[in-house]
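Undergrad:
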Amino acid sequence: MLSQLVNTGYNNVTELIELVVPMVWAYVDDIKPWFDETFWMKFSIFPEVWTASSYKGSSGELTTMNYIGHHQRNQQTWLEAMYIASERYKVNFTGVAITGWSRYDHMLSLCEFLPSSIPSLAYLLQTIVYGRLTNELNETISRTLLGCTQMPLWERSMYPTYVSCTFPGHEMYEMMYQYDYVMRQYEETMSFVRLYITDIHLRQNYIHYKRGEECFERLLSLESQMIHFIDAFQNACLVFFTADIGPEWLQTYFMRTLKDVQQRTNFIERTLKTQSSWLQRPLPKNFSRIIIKKRNITVNSLIQNS
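Numbering (full-length UniProt numbering), first residue to last: 1 to 306.
Okay, structure coming up:
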């Protein structure tokens with residue numbers, strides 16, 4: 001906001017010296033290209049300047065899994081940028097605020113949970129203490145500080161992974177690994193099912209009997225996993241949150257996928273029981289031309305009418 005003020009032509013920045021303590025924040029992987037020498041020179045006049053990194057929540061409004069790599073790189077490059085700015089432009093850095101976003105606004109559900117983001121916070125704090133992480137320090141953080149059986153994931157793995165830990169909040173951390181596994185199973189199963197149970201099949205009550213049986217078997221297994229996750233997830237949430245958090249989070253991130261699974265499962269079950277022959281082509285309900293009416297409305301007209 002201070003940068004925007006200066007860019008509008010406000011040149012009496014010295015008037016603000018005794019009124020504000022500026023905080024410079026950026027949450028990208030590498031923050032150094034974001035700020036040039038002109039930028040830092042403007043802040044060298046302040047007696048103290050803060051910076052802000054993040055250990056969770058800055059990866060998107062609907063991000064659920066917390067991966068350490070992005071946040072650690074953000075913190076690492078902040079330290080490097082602060083060193084350069086203090087040496088070259090005499091910027092007086094006082095400290096770093098390690099932020100953790102929970103909601104992007106009041107209307108949105110929680111994104112990355114605090115308990116499951118403790119490993120990320122631990123790695124960022126150790127990065128600040130030591131300046132840079134080494135393999136030996138990585139091992140100490142994961143095994144000694146967090147009590148994990150293996151090093152926590154820095155990035156999303158190509159393969160399902162499970163990490164067991166003992167730090168306060170580990171129940172939620174391990175639950176998010178289960179969520180990741182179930183969603184991988186969903187993607188794998190549905191990529192197969194959607195080949196043979198498309199929207200046309202749903203509309204026409206039309207199915208390949210043998211393929212339908214194969215899809216049905218896969219969907220039943222997936223549905224069972226998803227129902228088990230729902231129960232276990234809500235129990236874990238009750239350890240840390242009020243009773244509303246579990247159901248709201250599930251409705252935001254999970255129930256739509258379960259509905260998709262159950263819709264196709266119910267369709268296959270019903271159709272396998274009733275279909276005794278294949279329809280001839282062209283299919284009878286496919287003759288009507290598809291016509292979609294355009295909306296004759298704008299945001300401004302909505303606001304004016306409200």
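Glycine included, each C-beta is placed from N, C-alpha and C at the ideal position.
Would you mind sorting Ala243 into buried or exposed? The rule is 16 or more other CB atoms within 10 Å of its CB.
TA: In the sequence shown, the residue the question calls residue 243 occupies position 243. Burial call: exposed.
Undergrad: Closer than 8 Å is the cut-off here; do at least three beta carbon pairs connect the stretch 242 to 257 with the stretch 289 to 301?
TA: The stretch 242 to 257 vs the stretch 289 to 301: no contact.
Undergrad: Would Leu133 and Tyr55 be called neighbours here (beta carbons separated by less than 8 Å)?
TA: Counted from its first residue, the sequence shown places residue 133 at position 133. Counted from its first residue, the sequence shown places residue 55 at position 55. No.
Undergrad: Would you report the Cα separation of Arg143 and Glu174, rounded to the nearest angstrom?
TA: Within the sequence shown, residue 143 is the residue found at index 143, counting from 1. Within the sequence shown, residue 174 is the residue found at index 174, counting from 1. In a straight line, the C-alpha of Arg143 is about 15 Å away from that of Glu174.
Undergrad: Along the alpha helix (DSSP H) that carries Tyr196, what are the first and last residues, could you check?
TA: As a working mapping, residue 196 is identified with position 196 in the sequence shown. Where Tyr196 is concerned, the enclosing alpha helix (DSSP H) stretches over 170 to 196.
Undergrad: State the start and end residues of the unbroken alpha helix (DSSP H) segment that holds Phe43.
TA: As a working note, residue 43 is residue 43 in the sequence shown. From DSSP, the alpha helix (DSSP H) with Phe43 extends over 37 to 43.
Undergrad: Straight-line CA distance for Ser58 to Arg264?
TA: Position 58 of the sequence shown, counted from the start, is the residue given in the question as residue 58. Position 264 of the sequence shown, counted from the start, is the residue given in the question as residue 264. One C-alpha to the other measures close to 35 Å.
Undergrad: Would you identify the three-state DSSP class for Ala232, choosing helix, strand or coil?
TA: Along the sequence shown, one-based indexing puts residue 232 at 232. In this structure, Ala232 counts as helix in the three-state DSSP scheme.
Undergrad: Write down the C-beta distance between Trp50 and Ala85 rounded to the nearest angstrom, noting that I regard them as a contact closer than 8 Å.
TA: If you number the sequence shown from 1, residue 50 lands on position 50. If you number the sequence shown from 1, residue 85 lands on position 85. Contact flag wrong, Cβ pair sits at about 13 Å.
Undergrad: Between Val239 and the rest of its own chain, which residues show a CB-CB distance below 7 Å, the 5 nearest in sequence each way excluded?
TA: In the sequence shown, counting from the first residue as 1, residue 239 sits at position 239. Closer than 7 Å at the Cβ level, and outside the excluded window around Val239, lie Glu171.
Undergrad: DSSP three-state label for Phe216, please.
TA: Here the question's residue 216 lines up with position 216 in the sequence shown. Reduced to three states, the DSSP call for Phe216 is helix.
Undergrad: Looking only at its own chain, which residues have a Cβ that is under 6 Å from the Cβ of Ser164, when we skip the five neighbours before and after it?
TA: In the sequence shown, counting from the first residue as 1, residue 164 sits at position 164. These residues qualify, in order along the chain: Thr149.
Undergrad: So Tyr186 and Thr257 are in contact, right, with Cβ under 8 Å, and what is the actual spacing, rounded?
TA: Here the question's residue 186 lines up with position 186 in the sequence shown. Here the question's residue 257 lines up with position 257 in the sequence shown. That pair is a contact at about 5 Å.
Undergrad: Applying the 10 Å Cβ sphere with the 16-neighbour rule, what's the burial state of Asn205?
TA: Indexing the sequence shown from 1 puts residue 205 at position 205. Exposed, by the Cβ-count rule.
Undergrad: Looking at the secondary structure, which residues open and close the beta strand (DSSP E) in which Ser54 lies?
TA: Taking the first residue of the sequence shown as position 1, residue 54 is located at position 54. Run containing Ser54: 49 to 56, per the beta strand (DSSP E) assignment.
Undergrad: Pick helix, strand or coil for Thr77, following the three-state DSSP scheme.
TA: Position 77 of the sequence shown holds residue 77. Reduced to three states, the DSSP call for Thr77 is helix.
Undergrad: Which stretch, first to last residue, makes up the alpha helix (DSSP H) that contains Gly246?
TA: Sequence index remark: in the sequence shown, residue 246 carries index 246 (1-based). From DSSP, the alpha helix (DSSP H) with Gly246 extends over 245 to 253.
Undergrad: Could you spell out where the beta strand (DSSP E) holding Ile98 opens and where it closes?
TA: Counting from one through the sequence shown, the residue named residue 98 turns up at place 98. Unbroken beta strand (DSSP E) run through Ile98: 93 to 100.
Undergrad: With DSSP collapsed to three states, give me the class of Val163.
TA: As a working mapping, residue 163 is identified with position 163 in the sequence shown. If DSSP states are grouped into helix, strand and coil, Val163 belongs with coil.
Undergrad: In three-state terms, what does DSSP make of Met82?
TA: Within the sequence shown, the letter at position 82 stands for residue 82. Looking at Met82 - three-state DSSP - the assignment turns out to be helix.
Undergrad: Taking contact to mean 3 or more Cβ pairs, one atom from each stretch, closer than 8 Å, check whether the stretch 198 to 216 and the stretch 275 to 295 are in contact.
TA: Cβ pair count under 8 Å is three or more, so yes.
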